[in-house]
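Notes to accompany the following structure.
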Amino acid sequence: MTQQYLRKASLLIGTGSEALDLSEMQFVFQTEARTIHTPCSVQLRIYNLSSRKGNSTAQKIAKEGVDIQLSAGYEGNFGPIFQGQIVQVRLGRENATDTYVDITGVDGDAYYNFNVTNVSVAAGTTVIGRIGAIAKAAGMKLGTIKIPNDGSKLHRGRTYFGLARDHLDGLCGTIGADWNIHNGELEVISRSAYKDGDIPTLTAATGMIGVPEQTLEGIAIRVLLNPNLEQNMAVRIDNASIQQFQYPFDYKGVAGIGFIPPVSNDGLYKVLYVSHNGDTRGQNWYTDLVCYEGPKITNVETQGIYQVPKIPY
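The sequence shown lines up with residues 85 to 397 when you count with this note's numbering.
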């Protein structure tokens, strides 16, 4: 097990030699990533940047579309937790002495909101071929693709025109898969599949904080900040440590509950939501996860499990 000791963070804003290294400044952050197409995002607050008129650091970074690279973790386990572009900058003051710059960043904002696809595919094209054609026409790079190869092909040619996200929604919905943009690449993964790689076991010895809890969104768990934890990967949790869901006492509350995500039989779960949050001068340095038993995810796709989870801490 990697020792989680001595925090480490890196924040670069800009590209190449023009990038500003703000790693030594005080900043707080929260990243969010989901298995569905909602873009990965980051909220940053950087304190007390230079405010010299005409040449301030705040002015240099206050530009939409500028690249953000945020990495965090510990000396023995350090890596990127967000890569994207700035979509909004706000300047403000907390008190008489402390100023701040708030930055909202999104991974794949242009792909999600603006990129249009205009492409025709021939009869006989497979699902993977159609996904690739849509992505290429929209300027997207392909990342992890893990979907069933059922041999289905188009009976006749088809044209895709419009926002790429709309066509990906429809195509993925027919095969029981979810798509998202991660580090600028399109990922398409079946709801009953995981990303390839090691399966970490989350216990107190490996950084788990408190106990996991069964919620309406899934199994919520908090661990010490770990950049290796991502959406769509598999993790292992000791089922005996999970706090079971408590029903509300009022009748209307019970009647409104349609489904409670189950506890896995073997302790294997798929990560549906991951949020890294930290403060380089404060206490916060955590990763929050919402997980679900992988093979049964397709049973609850309309039950609200993909809503923004309420982490019970």
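No residue lacks a Cβ here, since even glycine has one placed at the ideal position from N, Cα and C.
TODO: Just mark E377 as buried or exposed, buried being the case when its beta carbon has 16 or more other beta carbons within 10 Å.
DONE: buried
Task: Distance, A180 Cα to Q387 Cα - done: With a pLDDT of 33 at Q387, under the threshold of 50, the predicted position of this residue should be treated as unreliable, though the coordinate-derived value follows. If you take the alpha carbons of Q387 and A180, they lie about 47 angstroms apart.
Open item on the list: Do V200 and L71 have their beta-carbon atoms positioned less than 8 angstroms apart in this structure?
Closed with: Given a span of 85 to 397 for the chain in the structure shown, any question on residue 71 remains unanswerable.
TODO: Less than 8 angstroms between the CB atoms is what I'm expecting for F113 and L154, so what's the real figure, rounded?
DONE: 6 angstroms
- [ ] Output the distance between the C-alpha atoms of G189 and A289, rounded to the nearest integer angstrom.
- [x] 33 angstroms
- [ ] Please state if the CB of I344 and the CB of L309 are separated by a distance shorter than 8 angstroms.
- [x] no
Task: Beta-ladder partner(s) of A304, from DSSP - done: E297, V374
TODO: Could you have a look at N349 and say whether DSSP puts it in helix, strand or coil?
DONE: coil
- [ ] With distances taken Cα to Cα, identify the nearest neighbour of P123 among L133, Y370, R91, N264.
- [x] N264
TODO: List the residues that DSSP assigns as beta-bridge partners of N202.
DONE: F245
Open item on the list: Determine whether the beta carbon atoms of V211 and L255 lie at a separation below 8 angstroms.
Closed with: yes
Open item on the list: On the criterion of 16 or more Cβ atoms from any shown chain inside 10 Å, does Y195 qualify as buried, or is it exposed?
Closed with: buried
- [ ] Compare the beta carbon distance of T209 and K237 with 8 angstroms and say whether it is the shorter of the two.
- [x] yes
Open item on the list: At the level of alpha carbons, what is the spacing between R306 and Q327?
Closed with: 13 angstroms
Open item on the list: Assuming contact is defined by CB atoms lying nearer than 8 angstroms, are Y89 and E178 in contact in what I supplied?
Closed with: no
Open item on the list: What does the alpha-carbon distance come out to for the pair V374 and N316?
Closed with: 11 angstroms
- [ ] Give the secondary structure of Q330 by DSSP, where H, G and I count as helix, E and B as strand, and everything else as coil.
- [x] coil
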